[in-house]
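Using our numbering, you'd call the opening residue of the sequence shown number 104 and step up by one each time.
Inspection log for the structure reproduced underneath, given as structure tokens.
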Amino acid sequence: LRELLLHGIFVGFGLLWTIALLDAAPSLETLDIEVYDHLRGDDD
């Protein structure tokens, strides 16, 4: 695994899972994480 792109992650999840991903895939060249700070409703 060299590239990992994660989009739409809720900021409330914290960063501990990110550290676990880096430990599991130490050879990553690209880690792109897009977070958001609010839940989106159907009318947004």
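Yeah, the Cβ is synthetic: ideal placement off N, Cα and C, and Gly gets one too.
Relative to Leu108, the option among Gly115, Ala123, Gly117 and Leu134 whose CA is nearest is Leu134.
When the beta-carbon positions are compared, Glu137 and Gly117 stay at least 8 Å from each other. Just so you know, the alpha carbons of Ser130 and Arg105 end up roughly 6 Å apart.
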